[in-house]
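Read top to bottom, the protein sequences are chains H and P. 1 is the number of the first residue of the first sequence in the numbering used here; add one for each residue after it. 1 is the number of the first residue of the second sequence in the numbering used here; add one for each residue after it.
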Amino acid sequence: MTLPMDAGIPKIEIGKWISSFFDWLTTNLSGFFDAVSSIVGGAVDGIIWLLQAPNPILLAVLFALIGLVVKGWRFALGSLLGLLLIISMDQWDAAMQTLALVVVSTVVAIIIAIPLGILAARKRAASAALRPIMDLMQTMPAFVWLVPVVTLFGIGVVPGVIATIIFALPPGVRLTELGIRNVDHEIVEAANAFGATPRQTLFGVQLPLALPTIMAGVNQVLMLSLSMAVVAGLVGAEGLGGQVTSAIATLDLGLGFEAGISVVILAIFLDRLTAAIGQGKARHGLLRYLPRKRREEAAEEQPAADEVVEDIPVEESPETLDSVARIHS
Amino acid sequence: MKAIVANNTYKVFGKRPELGVARLREGATREELRKEGITAAVIDASFEVDEGEIFVVMGLSGSGKSTLIRMVNGLWEPTAGELRLYGDDIVTMNAQQLRQTRREKVSMVFQHFALLPHSTVGENAAYGLMIRGIDKDERERKAKEALRLVGLKGWEDSFPGQLSGGMRQRVGLARALAAGTNIMLMDEAFSALDPLIKREMQDQLVELQNKLGKTILFITHDLNEAMRLGDHIAMMRDGRIVQIGTAQQILNNPANDFVAQFVLDVDRSRVLTAGAVMAPPVALVGSDQGPLAVHKLMREHQTSRLFVVDRDNRLRGAVDEEAVVAAATAGAQTLDGIVDDKVVSVPESAPLTNLLPLSAANPKALAVVDKDKRVRGVLARVTVLQALAQRMTNTQTDADGSAQPVPADTVDAALTKGGAR
Chain H
1 MTLPMDAGIP
11 KIEIGKWISS
21 FFDWLTTNLS
31 GFFDAVSSIV
41 GGAVDGIIWL
51 LQAPNPILLA
61 VLFALIGLVV
71 KGWRFALGSL
81 LGLLLIISMD
91 QWDAAMQTLA
101 LVVVSTVVAI
111 IIAIPLGILA
121 ARKRAASAAL
131 RPIMDLMQTM
141 PAFVWLVPVV
151 TLFGIGVVPG
161 VIATIIFALP
171 PGVRLTELGI
181 RNVDHEIVEA
191 ANAFGATPRQ
201 TLFGVQLPLA
211 LPTIMAGVNQ
221 VLMLSLSMAV
231 VAGLVGAEGL
241 GGQVTSAIAT
251 LDLGLGFEAG
261 ISVVILAIFL
271 DRLTAAIGQG
281 KARHGLLRYL
291 PRKRREEAAE
301 EQPAADEVVE
311 DIPVEESPET
321 LDSVARIHS
Chain P
1 MKAIVANNTY
11 KVFGKRPELG
21 VARLREGATR
31 EELRKEGITA
41 AVIDASFEVD
51 EGEIFVVMGL
61 SGSGKSTLIR
71 MVNGLWEPTA
81 GELRLYGDDI
91 VTMNAQQLRQ
101 TRREKVSMVF
111 QHFALLPHST
121 VGENAAYGLM
131 IRGIDKDERE
141 RKAKEALRLV
151 GLKGWEDSFP
161 GQLSGGMRQR
171 VGLARALAAG
181 TNIMLMDEAF
191 SALDPLIKRE
201 MQDQLVELQN
211 KLGKTILFIT
221 HDLNEAMRLG
231 DHIAMMRDGR
241 IVQIGTAQQI
251 LNNPANDFVA
261 QFVLDVDRSR
271 VLTAGAVMAP
281 PVALVGSDQG
291 PLAVHKLMRE
301 HQTSRLFVVD
311 RDNRLRGAVD
321 EEAVVAAATA
331 GAQTLDGIVD
341 DKVVSVPESA
351 PLTNLLPLSA
361 ANPKALAVVD
371 KDKRVRGVLA
381 RVTVLQALAQ
391 RMTNTQTDAD
401 GSAQPVPADT
411 VDAALTKGGA
421 R
């Protein structure tokens, strides 16, 4: 006896419809899904190979150097210690597999999210249509996405990537839309008033001014990817997620924490790195020695706006002196 | 050809703007429409802007002036009516033609400057040229020239964030100048600046306009600013233009109570000029006339002092009754030796506020001259005071000196006070 029967409401077979829809997809579009599968799988494998080829210590030092360039020596030192800890816990290979999955998911998610965000910012209808879809993608429990992607792509790293993209995409779209909408209205109007085409306005004004917000979105996408990449271990994606899954299966407390701590280190490293890039703090690192940055800093050394003498001498030509007399008092 | 012509232009916001226009034409008020969810921003606006003049649209917030200026370059499309720039109707243009018009004919300066913060001052000034696809060397050259004109020479490589508000607006002005358009729209361009900088920018704008002959449509909510800048001023209220005229016309003949209320607050001494309040000279003395003839003139006109001019009406000085009488008694045939050549002369365009210290220092009347030094009128102390006094009484007496004389020491006292300001 089910409640809907008691209430006199017929059961709506949403579950059944969705499964038969996915059945239809698998039978009719298997070629497409196979192609996606091999592209995504190939990309992940390629990156894994790239990350696992060099000596782990060498790579850890390289990551630390990147940190030094974009942020500073403190961050570089912390990163190096954290990455060495991952190596010493024997989680390096798993960490690199997870990193590969995160990189692929994030790149694909951003490639989809930013154009969608731009569209939503420009067309009210697109924004209204996207909003419920974004809500659905973001609030649906993450595990639920694993079921359909497994039916479409089988098990392994590819469904992990696809589920991760779905889960991590929304903040990229939302923050891109928000960033563009929040660009000073008057500056956009100025671009229009000088005859800029929509494309010139977008690339010359809206995107550059929205960049900090868009980069915050990229950062969020990355973080969500990392959290989802661990969940993806459940469907057979290798990496730290796989380690966590097997730790749960075997109740291996030590392995679970080792993998978990590795995730945390990776997360902090990626978060601080992208945040530094996004907030334009890059010049606190070695980047400040690049020529353009030097020019900006030199300019900053000029007197602050308040100290600037306001009455800049204006070149007066004799024929204009009359006009000055007219209004001067 | 007129630079800008608006004919019965409407801008109505809401779901059915055309219906709003129809209702307005039938005589519905703005408030009635607002209850129906229709906002009438600009109602039946008609005006003409001559090439090379500063036309000021003055109104309080919500009067529709910002919408009006945005219709001129098509940022808002008029709901009804015409809006022509050099004869081409903005209303009928497609997007491509509109862009072309904005690039070539009309540029804009914004209240909050609207500069690109991540571009240098030079790049900002060159923005309009960059949009048009003009090559880098030429646009840098033109931007540099425009920045020099506004007094920002050498700031090309700074960023807007490093500049003060006044300097940022100079960049905004340079951007509009560099675009090389004949028409410039200025939307509350100086309203965000503090008073001293504002004055300086106003002076500079008039100077630039005299030099370059741009047609400027200037929006402001500050009537003093409107009066200082405007060759013509349109007063807007609740979406309608209630009066168009020169500063002095609006000051002296406000079309309705609304305008009159505004005018009350205007500092007349800055708006009224010597030319507007002077009295015509009762008589002029030729430098070749003899003392007897001059004395006769003085008696006829009951005056004790007359200006002496040469054949071309150029000011040579003045003669006083005492000296004339003395010369006539001594039998002199000419005015040689008795012409007082220390007469203070002022240009017709001088505002009264500049004349107060002069009047205070010189008990005798000032001569008003044109730019060739020809005598155009006389400014007695009484005349100056009466022109100012209208502010207090708001009466319509003529400021030509025909009113009752005021005791001399009262005048002296008042002027000394005024001059010491």
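For every residue, glycine included, the Cβ atom is placed at its ideal position computed from N, Cα and C.
Interface flag, residue i vs chain H, CB-CB below 8 Å
i                      : result
residue 233 of chain P : no
residue 75 of chain P  : yes
residue 248 of chain P : no
residue 107 of chain P : yes
residue 69 of chain P  : no
residue 110 of chain P : yes
residue 116 of chain P : yes
residue 86 of chain P  : no
residue 128 of chain P : yes
residue 179 of chain P : yes
residue 268 of chain P : no
residue 131 of chain P : yes
residue 141 of chain P : no
residue 100 of chain P : yes
Assigned secondary structure, residue i (DSSP; H/G/I helix, E/B strand, else coil)
i                      : result
residue 235 of chain P : strand
residue 165 of chain H : helix
residue 79 of chain H  : helix
residue 119 of chain P : coil
residue 133 of chain H : helix
residue 33 of chain P  : helix
residue 43 of chain P  : strand
residue 331 of chain P : coil
residue 86 of chain P  : coil
residue 7 of chain P   : strand
residue 79 of chain P  : coil
residue 377 of chain P : strand
residue 218 of chain P : strand
residue 54 of chain P  : strand
residue 229 of chain P : helix
residue 63 of chain P  : coil
residue 207 of chain P : helix
residue 96 of chain H  : helix
residue 132 of chain P : coil
Rounded distance between the beta-carbons of residue j and residue i, thought under 8 Å
i                      : j                      : result
residue 278 of chain P : residue 378 of chain P : 6 Å
residue 270 of chain P : residue 351 of chain P : 5 Å
residue 152 of chain H : residue 26 of chain H  : 6 Å
residue 142 of chain H : residue 167 of chain H : 5 Å
residue 101 of chain H : residue 160 of chain H : 6 Å
residue 157 of chain H : residue 44 of chain H  : 5 Å
residue 259 of chain H : residue 226 of chain H : With a Cβ gap of about 13 Å, residue 259 of chain H and residue 226 of chain H do not count as contacting.
residue 48 of chain P  : residue 5 of chain P   : 5 Å
Beta carbon proximity, residue i to chain P, threshold 8 Å
i                      : result
residue 195 of chain H : yes
residue 17 of chain H  : no
residue 190 of chain H : yes
residue 200 of chain H : yes
residue 258 of chain H : no
residue 212 of chain H : no
residue 183 of chain H : no
residue 187 of chain H : yes
residue 205 of chain H : yes
residue 208 of chain H : yes
*If you scan the region 242-304 of chain P from start to end, which runs of the beta strand (DSSP E) of 3 or more residues do you find wholly inside it?*
Those beta strand (DSSP E) runs which fall completely within the region 242-304 of chain P and span 3+ residues are 284-286.
Are there three or more Cβ pairs, one per stretch, closer than 8 Å when the region 115-131 of chain P is compared with the region 147-167 of chain P? Yes, they touch.
Which full runs of the alpha helix (DSSP H) of 4+ residues lie inside the region 165-249 of chain H, going along the chain? The qualifying runs are 185-193, 198-201 and 207-231.
Original post:
Taking only runs of the alpha helix (DSSP H) that begin and end inside the region 135-191 of chain P, which ones reach a length of at least 4 residues, in chain order?
Top reply: Within the region 135-191 of chain P, the complete alpha helix (DSSP H) runs of at least 4 residues are 136-149 and 165-178.
ask   = Touching or not, the region 162-170 of chain P and the region 208-219 of chain P, by the rule of three or more beta carbon pairs under 8 Å?
value = At 8 Å Cβ cutoff, the stretches do not touch.
| said: When you compare the region 233-241 of chain H with the region 189-205 of chain H, are there three or more beta-carbon pairs, one atom per stretch, that lie closer than 8 Å? | reply: No: the two stretches stay apart, fewer than three of their Cβ pairs being nearer than 8 Å.
- prompt: Is the number of C-beta pairs between the region 85-98 of chain H and the region 40-56 of chain H that are closer than 8 Å three or more?
  reply: Result yes; three or more Cβ-Cβ pairs closer than 8 Å.
*How about the region 66-83 of chain P and the region 5-12 of chain P: do they share at least three Cβ pairs that are nearer than 8 Å?*
Three or more Cβ pairs drawn from the region 66-83 of chain P and the region 5-12 of chain P lie within less than 8 Å of each other, which places the two stretches in contact.
- Quick check: the region 261-281 of chain H against the region 133-140 of chain H, are there 3 or more CB pairs under 8 Å? Contact check between the region 261-281 of chain H and the region 133-140 of chain H: fewer than three CB pairs, one atom from each, fall below 8 Å, which does not count as touching.
Practice problem: Identify every run of the beta strand (DSSP E) within the region 310-373 of chain P, keeping only runs that are complete inside it and at least 3 residues long; order them along the chain. | Solution: You should have 315-320, 345-347 and 366-369.
- request: Pair every Cβ in the region 226-234 of chain P with every Cβ in the region 48-65 of chain P, then say whether three or more of these pairs are closer than 8 Å.
  value: Touching, per the Cβ criterion.
Quiz item: Taking one C-beta from the region 62-77 of chain H and one from the region 172-188 of chain H each time, how about it: are there three or more such pairs within less than 8 Å?
Solution: Taking 8 Å as the limit for Cβ pairs, the verdict is that the region 172-188 of chain H does not touch the region 62-77 of chain H.
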